[in-house]
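Its first residue numbered 1, the sequence shown is counted upward by one per residue in the working numbering. All residues carry an ideal CB built from backbone N, CA and C; glycine is no exception. Take a look at the structure below.
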Amino acid sequence: MKAVIMAGGEGSRLRPLTCDRPKPLVPVCNRPVMAYVLDLLAEHGFQEVFVTLGYMPGAIQDHFGDTYRGMRLHHVVEESPLGTAGSVAALKAHLDGTFLVISGDCLTDLDLSEVVAFHLRTGAVATLAMTRVENPLEYGVIMTDREGRIRRFLEKPTWSEVFSDTVNTGIYVLEPSVLDGVPAGRMYDFSRHLFPALLRKGAPLYAAVAEGYWCDIGDPAAYLRANLDLLSGRLRFRPPARQVVPGVWVARDLPQGVLIDGPALIGEGCRLGPGTRLEAGAVLGPGTVTGENAVLRRSVTWAGVRLGAEATLVGAVLCDGVSLADGAGAFEGAVVGSGCTVGAGAAISPGVRLWPRTEVAPGARVDVTLVQSPRWSGRVLRRNSMTGQLGSDLFPENALRVGTAFASLLGDRGPLVVAGDPGQPAALLKQALICGALAAGCDVLDAGATASPVTEYTIRRLGAAGGMHVRWGRSQARVVFYDGSGRPAPRDLARSLEQACARQDFPRATHETAGHVEGLPDAELRYLEHLGDQVDGEALRSARPGVALAAGCWPVLHRWLERLGCRVLETGGPPGIEVDRVGADPPAGARLLIGVEIDRLEATWQLAGAGPEQMLALDLWLRLRHSGGGAEPVPLPVTAPRALEEMVRRWDRVPVRVRQEEWRPQDPLLAIGQLLCWMAGERLTLRDVLAQLPRASTAVRTVACPWEARGRVLRRLLEEQPEGAVELIDGLRIREPEGWALLLPDPDEPLCRVYAEADDPAQAERLAKRYEERVRSLV
Numbered sequence: 001m002k003a004v005i006m007a008g009g010e011g012s013r014l015r016p017l018t019c020d021r022p023k024p025l026v027p028v029c030n031r032p033v034m035a036y037v038l039d040l041l042a043e044h045g046f047q048e049v050f051v052t053l054g055y056m057p058g059a060i061q062d063h064f065g066d067t068y069r070g071m072r073l074h075h076v077v078e079e080s081p082l083g084t085a086g087s088v089a090a091l092k093a094h095l096d097g098t099f100l101v102i103s104g105d106c107l108t109d110l111d112l113s114e115v116v117a118f119h120l121r122t123g124a125v126a127t128l129a130m131t132r133v134e135n136p137l138e139y140g141v142i143m144t145d146r147e148g149r150i151r152r153f154l155e156k157p158t159w160s161e162v163f164s165d166t167v168n169t170g171i172y173v174l175e176p177s178v179l180d181g182v183p184a185g186r187m188y189d190f191s192r193h194l195f196p197a198l199l200r201k202g203a204p205l206y207a208a209v210a211e212g213y214w215c216d217i218g219d220p221a222a223y224l225r226a227n228l229d230l231l232s233g234r235l236r237f238r239p240p241a242r243q244v245v246p247g248v249w250v251a252r253d254l255p256q257g258v259l260i261d262g263p264a265l266i267g268e269g270c271r272l273g274p275g276t277r278l279e280a281g282a283v284l285g286p287g288t289v290t291g292e293n294a295v296l297r298r299s300v301t302w303a304g305v306r307l308g309a310e311a312t313l314v315g316a317v318l319c320d321g322v323s324l325a326d327g328a329g330a331f332e333g334a335v336v337g338s339g340c341t342v343g344a345g346a347a348i349s350p351g352v353r354l355w356p357r358t359e360v361a362p363g364a365r366v367d368v369t370l371v372q373s374p375r376w377s378g379r380v381l382r383r384n385s386m387t388g389q390l391g392s393d394l395f396p397e398n399a400l401r402v403g404t405a406f407a408s409l410l411g412d413r414g415p416l417v418v419a420g421d422p423g424q425p426a427a428l429l430k431q432a433l434i435c436g437a438l439a440a441g442c443d444v445l446d447a448g449a450t451a452s453p454v455t456e457y458t459i460r461r462l463g464a465a466g467g468m469h470v471r472w473g474r475s476q477a478r479v480v481f482y483d484g485s486g487r488p489a490p491r492d493l494a495r496s497l498e499q500a501c502a503r504q505d506f507p508r509a510t511h512e513t514a515g516h517v518e519g520l521p522d523a524e525l526r527y528l529e530h531l532g533d534q535v536d537g538e539a540l541r542s543a544r545p546g547v548a549l550a551a552g553c554w555p556v557l558h559r560w561l562e563r564l565g566c567r568v569l570e571t572g573g574p575p576g577i578e579v580d581r582v583g584a585d586p587p588a589g590a591r592l593l594i595g596v597e598i599d600r601l602e603a604t605w606q607l608a609g610a611g612p613e614q615m616l617a618l619d620l621w622l623r624l625r626h627s628g629g630g631a632e633p634v635p636l637p638v639t640a641p642r643a644l645e646e647m648v649r650r651w652d653r654v655p656v657r658v659r660q661e662e663w664r665p666q667d668p669l670l671a672i673g674q675l676l677c678w679m680a681g682e683r684l685t686l687r688d689v690l691a692q693l694p695r696a697s698t699a700v701r702t703v704a705c706p707w708e709a710r711g712r713v714l715r716r717l718l719e720e721q722p723e724g725a726v727e728l729i730d731g732l733r734i735r736e737p738e739g740w741a742l743l744l745p746d747p748d749e750p751l752c753r754v755y756a757e758a759d760d761p762a763q764a765e766r767l768a769k770r771y772e773e774r775v776r777s778l779v
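Written as structure tokens, this is what we have:
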């Protein structure tokens with residue numbers, strides 16, 4: 001049987017480990033990771049292996065040659081990237097029977113023979129090997145029926161989309177016929193293109209949970225974990241050394257005068273100074289030299305590393321030829337590239353990556369981590385924004401670097417629009433973002449201190465490549481990133497930004513290529529003119545109603561209401577106006593219509609006297625009133641009650657459920673203007689408006705759900721439901737005889753929210769409580 005090893009990737013998320021070598025040659029316990037893959041193929045009887053190459057192909061060819069443990073190796077170099085399926089399809093003339101595809105940069109001892117046997121028993125055209133993981137966000141999540149036939153899979157989901165803890169390992173058993181659907185000469189992936197196409201056609205696509213160990217070495221944290229797992233005996237393979245005492249592996253003789261608390265691996269030619277301490281999880285590459293009293297714990301050194309006296313490594317990786325002088329240290333998550341020199345007493349802070357041949361001065365502290373977070377997910381960049389408290393977990397230097405990263409991702413597609421809410425904190429971060437974008441060679445259009453809807457409109461009006469806006473509210477800052485349509489950055493762009501921030505390898509401009517700044521003093525005026533074209537304010541201007549605004553509303557909202565002829569009444573806090581008082585007792589001779597509060601952090605609005613469900617219904621009502629007819633579906637968030645679907649159908653439109661983070665309420669200023677004009681034109685009070693909105697019986701519960709338990713909990717709940725009872729738009733939406741329940745994991749906190757709707761409030765509460773208790777029992 002033949003196998004294909006995909007070994008062409010650049011390993012960009014692993015940098016600087018992969019700056020000087022291809023990812024398949026990155027050593028795990030002093031052997032290239034691809035050597036373990038070849039060992040696994042040999043153990044399961046494969047005889048011929050094709051290796052697809054792209055990045056630094058000569059290094060892989062030179063290392064492995066044409067044969068390995070009796071297997072013939074064929075190295076095939078891609079002239080241009082073809083994607084995972086495209087690179088394999090280029091070999092289809094040589095693949096004349098069932099064959100296996102595996103990645104050259106995973107560490108695994110999965111039972112390949114059992115996966116092949118399962119494939120042959122089921123008559124599948126493609127079988128995906130699955131494994132169970134605690135955090136499935138970086139993988140493809142798979143749902144199967146009881147026979148193993150794939151019903152759904154989703155590549156790199158968000159937490160709200162996770163419906164299982166079984167993920168795609170990138171190991172496939174395929175029939176040659178599946179490659180017929182791969183277009184020649186262009187990028188085409190298995191998980192993103194081929195498998196979804198096969199699923200749509202109804203082809204027999206299966207998946208099997210394979211027994212054994214599997215680790216995708218996708219980033220430095222996973223790389224370090226793979227080394228420690230192999231060293232600790234979590235898979236069948238053993239380090240390339242002899243075990244002299246339990247947990248201690250040495251290539252030669254056990255050194256004297258060294259304190260070792262295994263597991264530990266000492267490679268060929270290491271020289272360890274007196275008093276050196278190797279604590280649990282130390283992996284020393286060939287030729288590593290340590291001075292007196294050096295300490296290594298949960299760390300990996302490659303070939304030729306030199307540590308001075310009393311140097312310290314804790315949770316760090318040092319590549320070939322790195323030198324740490326006396327008293328220097330590298331700490332949790334630090335990665336030091338090949339040939340770096342770290343002076344005496346210098347410290348490499350947690351999470352910092354040094355690119356090859358960097359020199360650090362004696363006594364210096366290197367702390368250039370772009371994003372840090374105490375959360376299990378390790379992210380401050382969440383979805384399409386970056387949120388934190390200024391001076392606590394969000395700093396101007398963070399904003400500067402993320403501005404550079406975002407501008408570099410957009411390339412030379414045009415300028416960026418940058419703005420911030422009024423106030424000094426937002427202005428500080430806005431200036432840092434602008435400096436970062438200029439440092440990437442990007443021109444900036446500065447819209448000043450304004451509201452985020454102004455920024456979004458300005459991006460569209462000027463045809464900018466994208467934009468950034470600093471929101472400020474509730475003592476927190478939020479930097480929102482936009483694409484060229486003025487919408488928050490889509491998932492692919494947000495994920496690319498996260499990766500660029502982690503790698504910190506984005507380009508910087510020179511004095512000749514640095515960007516330029518241009519102010520946009522008329523940004524708000526042009527925006528208000530745009531709103532005026534959409535709202536007929538004649539009825540308002542003659543009535544001159546009063547609108548009570550809570551503290552903290554955008555100044556541009558004041559200008560908009562005054563432009564409509566309203567009298568703006570400031571309050572010292574929330575409007576606090578009861579529904580039955582709206583329209584009565586007009587202050588200062590003005591008829592008071594509504595009280596409004598703006599949440600600047602979320603860029604949403606709230607009416608005094610209206611609840612969240614009423615605000616959702618009102619937003620939808622205003623959209624339908626002003627959009628006229630049309631065939632376009634009307635989006636509804638997955639949490640919306642059924643009554644809103646019925647309301648959309650009454651307007652002869654088609655409702656469509658969308659993921660929570662994809663649904664956006666309309667521009668708050670536009671919605672406020674539409675509401676006021678409607679009320680004034682038909683002489684309505686807020687009570688009249690709310691009475692026209694549909695009602696629903698709903699309930700919401702919140703239950704703690706640790707990150708590592710989410711996939712398992714949702715998979716168990718999914719398995720318990722009858723066929724066809726679950727929708728997987730966002731979380732698990734389960735149809736019940738009395739209504740529905742939605743289990744929606746929080747994307748930022750270790751929580752799961754349970755939404756329920758039924759025919760009456762008591763039923764909704766019981767339904768929500770039932771699923772809350774079920775989630776708690778599974779946790």
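Range covered by the beta strand (DSSP E) that runs through residue i
i    : result
S349 : Looking at the DSSP string, S349 is not in any beta strand (DSSP E), and its letter there is neither H nor E.
T312 : T312 to V314
C752 : L751 to A758
T449 : The sequence shown places Ala at residue 449, not Thr. Note, A449: beta strand (DSSP E), V444 to A449.
Whether residue i touches residue j by CB criterion (8 Å)
i    : j    : result
G8   : S103 : no
P240 : R21  : no
G339 : R357 : yes
V33  : D105 : yes
V547 : L569 : yes
First and last residue of the uninterrupted alpha helix (DSSP H) at residue i
i    : result
V791 : Outside the displayed span of the chain (1 to 779) sits residue 791, for which this structure offers no information.
N227 : P220 to L231
G711 : R710 to E720
Exposure of residue i, with buried meaning 16 or more beta-carbon neighbours within 10 Å
i    : result
R252 : exposed
G576 : For G576, the predicted structure reports a pLDDT of 46, less than 50, and the residue's modelled location is therefore unreliable. The matter cannot be settled from this model.
L259 : exposed
L235 : buried
V371 : Any reading at V371 must be qualified, since the residue scores a pLDDT of 31, below 50, and its modelled position is unreliable; the value itself is stated next. Per the 10 Å Cβ criterion, buried.
E397 : exposed
Q389 : exposed
G54  : buried
L767 : buried
M130 : buried
G148 : buried
E773 : exposed
L410 : buried
P586 : Per-residue confidence for P586 stands at a pLDDT of 43, beneath the threshold of 50, marking its modelled position as unreliable; the derived number appears in the next sentence. Answer is exposed; the Cβ neighbour count stays below 16.
H516 : exposed
S697 : buried
G337 : buried
V322 : buried
Given residue i as reference, the closest of the options once Cα atoms are compared
i    : options                   : result
V115 : S80, G212 and G436        : G212
G363 : I348, G247, D522 and F331 : I348
G218 : P24, H558, P81 and R242   : P24
C215 : S177, A203, R149 and V133 : V133
A432 : G181, R559 and M468       : M468
R650 : V658, L620 and T639       : L620
V556 : E538, L531 and V248       : L531
N384 : Q692, E719, E662 and V4   : E662
Q666 : T639, A643, L228 and T604 : T604
K201 : Q674, G65, V125 and L616  : V125
L120 : D66, V283, G45 and L205   : L205
**Item:** the stretch 756–765 contacting the stretch 728–742, beta-carbon criterion three pairs below 8 Å
**Value:** yes
**Request:** Would you check if the stretch 505–516 and the stretch 402–409 touch, i.e. whether three or more CB-CB distances between them fall below 8 Å?
**Result:** yes
**contact_flag[the stretch 172–190, the stretch 77–85] where n(CB pairs < 8 Å) is 3 or more** = yes
**Message:** Would the stretch 416–427 count as touching the stretch 455–468 if we require 3 or more Cβ pairs under 8 Å?
**Reply:** yes
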